[in-house]
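Input: a single structure, listed below in structure tokens.
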Amino acid sequence: MIDFRSDTVTKPTPAMLNAMFNAKVGDDVFGEDPTINELEEKSSDMFGMEAAIFCPSGTMTNQIAIKCHTQPGDEIICDKLSHIYQYEGGGIGFNSGCSVKLIDGNYGRINAEQVEASINNKNDVHKPISKLVSLENTANRGGGSCYDFEDIKSIKKTCKANDLLLHLDGARLFNALVAKKESPKDYGKIFDSISICISKGLGAPVGSVLIGTKNFITKARRIRKVFGGGMRQAGYLAAACIYALENNIERLNDDHHHAKQLATALQQKDFVGEIMPAETNIVIFDVKGKYTAAELADKFKKRNILVIAITKTKIRMVTHLDITAEMITETIEIINQL
Ligand SMILES: *Cc1c(COP(=O)(O)O)cnc(C)c1O
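Going by my numbering, the sequence shown opens with residue 14, and the numbers climb by one from there.
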């Protein structure tokens, strides 16, 4: 099977397993797991921020950040396709009792004018208090689109002028950093909190890290425990994450190249409508004419290729560490035959 369903499907390589096998571990709830401590320090250093906390998932890092930044009744501003709103089980309401102001962005990206227009009047008692802006980079449902850093800076300005905090869902931030040749330290200067996933394109089996100020992370540690995310000898997992950060960032360029090759092949087909700009490792396209999205996904499956029909008309294909150049060639041959 050639599995394009998600970049979460990667399995640890022998070298990564070896790093895990040799990890020194301890009870992390007591703060005694040296490998987790190392991962947290490495992550915060990378972004030039004060502290970090290791969590089992990106949903948890996002939800902890939202909980720490808000009070029940506050409002969060984000794009309508955001993972925090679409794919975290209603956690914003469930965990934090907040409402959401959704912005109709550009392939999952919002801009400063839209943020400005979404801020409620503080003196109007009818309105929830606008408290937090959350960006997603790359934007998953925007087809892996990346922000221009200048646009992020403008959003930060608007946040500062209006007492809003700024969170980054950076589940695939490293894809954006590599594609745009940007530095994590620039991001660290702007955001109040950053969530990164190491279990996506970087290829670790499990793990996300939330990064921020010391005070914020102290609060996050309490919330992680309350959410049931305090882990014990999880240094075995952190070892895989350290390995991934040290070995698997630059190679994301290969995934991006593979995604562009897929997009180019798909473009030739009359059953393919709009393809979102395949800037990183995600290709989302409209299916039209002779197939529905589900039928096309089924055609692929019969030829040992797994894709996801994310709506009735859209298919998503994601490239990752376990997709080789040969698999791309094979997939393109099959696309040509369909
Ligand atoms: C995958 C993903 C997450 C986190 O997902 P988990 O499966 O909970 O780790 C968060 N945001 C985006 C944009 C994602 O794609």
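For every residue, glycine included, the Cβ atom is placed at its ideal position computed from N, Cα and C.
To which residues does DSSP link I297 through a beta bridge?
Locating residue 297 in the sequence shown gives position 284, where the first residue counts as 1. DSSP lists R329 as partners of I297.
Using the Cα positions of N134 and K144, report the straight-line distance between them to the nearest angstrom.
To locate residue 134, count along the sequence shown from 1; it is residue 121. To locate residue 144, count along the sequence shown from 1; it is residue 131. If you take the alpha carbons of N134 and K144, they lie about 12 Å apart.
Rounded C-alpha distance that separates R264 from K169:
For this step, residue 264 is matched to residue 251 along the sequence shown. For this step, residue 169 is matched to residue 156 along the sequence shown. When rounded, the distance between both Cα atoms is 30 Å.
Count the other CB atoms within 10 Å of the CB of V138; is the residue buried (16 or more) or exposed (fewer)?
What you label residue 138 is simply residue 125 of the sequence shown in a count that begins at 1. Its Cβ having fewer than 16 others within 10 Å, V138 is exposed.
Among residues of its own chain, excluding the 5 on either side of S208, which ones have a beta-carbon nearer than 8 Å to its beta-carbon?
For the purposes of this step, residue 208 is identified with residue 195 of the sequence shown, where counting begins at 1. Excluding sequence neighbours, S208 sits near G71, T74, N75, A78, H180, L181, D182, G183, A184, S221, V222, L223, I224.
Let me know the secondary structure DSSP gives K198 once reduced to three states.
Counting from 1 along the sequence shown, the entry for residue 198 is found at position 185. Correct three-state label for K198: helix.
Looking only at its chain, what residues have a beta carbon closer than 8 Å to the beta carbon of G102, apart from the 5 residues adjacent to it on each side?
Taking the sequence shown and counting its residues from 1, one reaches residue 102 at position 89. The answer, listed in chain order, is T72.
Our contact map puts I132 next to C91 with C-beta atoms below 8 Å; I'd like the distance itself, whole angstroms only.
Taking the first residue of the sequence shown as position 1, residue 132 is located at position 119. Taking the first residue of the sequence shown as position 1, residue 91 is located at position 78. Wrong, their Cβ atoms sit about 13 Å apart, outside the cutoff.
Let me know the secondary structure DSSP gives R237 once reduced to three states.
Stepping through the sequence shown from its first residue, residue 237 is reached at position 224. Three-state DSSP puts R237 in a helix.
Cβ-heavy atom distance, H96 to ligand 1, below 6 Å
Along the sequence shown, one-based indexing puts residue 96 at 83. Yes, the Cβ of H96 comes within 6 Å of a heavy atom of ligand 1.
Looking only at C-alpha atoms, which of N153, G44, N31 sits nearest to T11?
Here the chain covers residues 14 to 351 and nothing more, so residue 11 does not appear.
Any 3 or more C-beta pairs closer than 8 Å across the segment 110-128 and the segment 57-65
With a cut-off of 8 Å on Cβ pairs, the segment 110-128 is not in contact with the segment 57-65, counting fewer than three such pairs.
Given a cut-off of 7 Å, decide if E51 and A65 are closer than it, judged by their beta-carbon atoms.
On the sequence shown, residue 65 is found 52 positions in, with the first residue counted as 1. On the sequence shown, residue 51 is found 38 positions in, with the first residue counted as 1. No. Outside cutoff.
Own chain partners of Y236 with C-beta closer than 8 Å, once the 5 adjacent residues on each side are dropped:
Here the question's residue 236 lines up with position 223 in the sequence shown. For the sequence presented, residue 236 should be read as Ile rather than Tyr. These residues qualify, in order along the chain: I77, K80, C81.
From this set, D164, A251, D268, I321, which residue's C-alpha is nearest M33's C-alpha?
In the sequence shown, the residue the question calls residue 33 occupies position 20. Taking only the C-alpha atoms, the option nearest M33 is A251.
Once you ignore the five residues that flank F187 on each side, which residues in its own chain have a CB closer than 8 Å to its CB?
Here the question's residue 187 lines up with position 174 in the sequence shown. I209, G214, L215, I262, L265.
Would you tell me roughly how many angstroms separate the C-alpha atoms of H270 and T344, rounded to the nearest one?
Taking the sequence shown and counting its residues from 1, the one referred to as residue 270 is at position 257. Taking the sequence shown and counting its residues from 1, the one referred to as residue 344 is at position 331. Between H270 and T344, the C-alpha separation is close to 14 Å.
Does ligand 1 have a heavy atom nearer than 6 Å to the CB of S70?
Reading the sequence shown from its first residue, position 57 is the one you call residue 70. Yes, ligand 1 has a heavy atom inside 6 Å of this Cβ.
Determine the contact status of A276 and V296, defining contact as a CB-CB distance below 7 Å.
Here residue 276 is taken as the residue at index 263 of the sequence shown, counted from 1. Here residue 296 is taken as the residue at index 283 of the sequence shown, counted from 1. Yes. Within cutoff.
With respect to the alpha helix (DSSP H) encompassing S167, which residues constitute its N-terminal and C-terminal limits?
By 1-based counting over the sequence shown, the position of residue 167 is 154. From DSSP, the alpha helix (DSSP H) with S167 extends over 162-174.
Terminal residues of the alpha helix (DSSP H) in which L52 lies:
In the sequence shown, the residue the question calls residue 52 occupies position 39. Note, L52: alpha helix (DSSP H), 47-60.
Would you kindly check if the distance between the Cβ of G248 and the Cβ of E40 is under 7 Å?
Within the sequence shown, numbered from 1, the residue matching residue 40 stands at position 27. Within the sequence shown, numbered from 1, the residue matching residue 248 stands at position 235. Note on identity: in this sequence residue 40 is Asp, with Glu being the wrong assignment. Against a cut-off of 7 Å, the Cβ pair of G248 and D40 comes out as no contact.
Starting from E343, trace the alpha helix (DSSP H) both ways and give me its first and last residue.
Against the sequence shown, residue 343 aligns to sequence position 330. 338-350 is the span of the alpha helix (DSSP H), which, as asked, contains E343.
Report the three-state DSSP secondary structure of E101 (helix, strand or coil).
Within the sequence shown, the letter at position 88 stands for residue 101. If DSSP states are grouped into helix, strand and coil, E101 belongs with coil.
The beta strand (DSSP E) enclosing S221, as first and last residue numbers
Position 208 of the sequence shown, counted from the first residue, corresponds to residue 221. Run containing S221: 221-225, per the beta strand (DSSP E) assignment.
So does D182 have its beta carbon nearer than 6 Å to some heavy atom of ligand 1?
Mapped onto the sequence shown, residue 182 falls at position 169. Flag set: Cβ of D182 near ligand 1.
Backbone CA spacing between A310 and I348 [nearest angstrom]
As a first step, residue 310 is located in the sequence shown; it is residue number 297 there, counting from the start. As a first step, residue 348 is located in the sequence shown; it is residue number 335 there, counting from the start. Straight-line Cα distance between these residues: approximately 12 Å.
Inter-residue Cα distance where the pair is S109 and T83:
For this step, residue 109 is matched to residue 96 along the sequence shown. For this step, residue 83 is matched to residue 70 along the sequence shown. Roughly 7 Å between the two C-alpha positions.
Go ahead and label T151 buried or exposed: buried means 16 or more other beta carbons lie within 10 angstroms of its beta carbon, across all protein chains shown.
On the sequence shown, position 138 is the one that residue 151 refers to. When all chains shown are included, T151 counts as buried.
Going by DSSP, name the residue or residues bridged to H180.
The count along the sequence shown starts at 1 and reaches residue 180 at position 167. Answer is S147, S206, bridged to H180.
State yes or no: is the C-beta of E292 nearer than 6 Å to some heavy atom of ligand 1?
As a first step, residue 292 is located in the sequence shown; it is residue number 279 there, counting from the start. No, the beta carbon of E292 sits no closer than 6 Å to any heavy atom of ligand 1.
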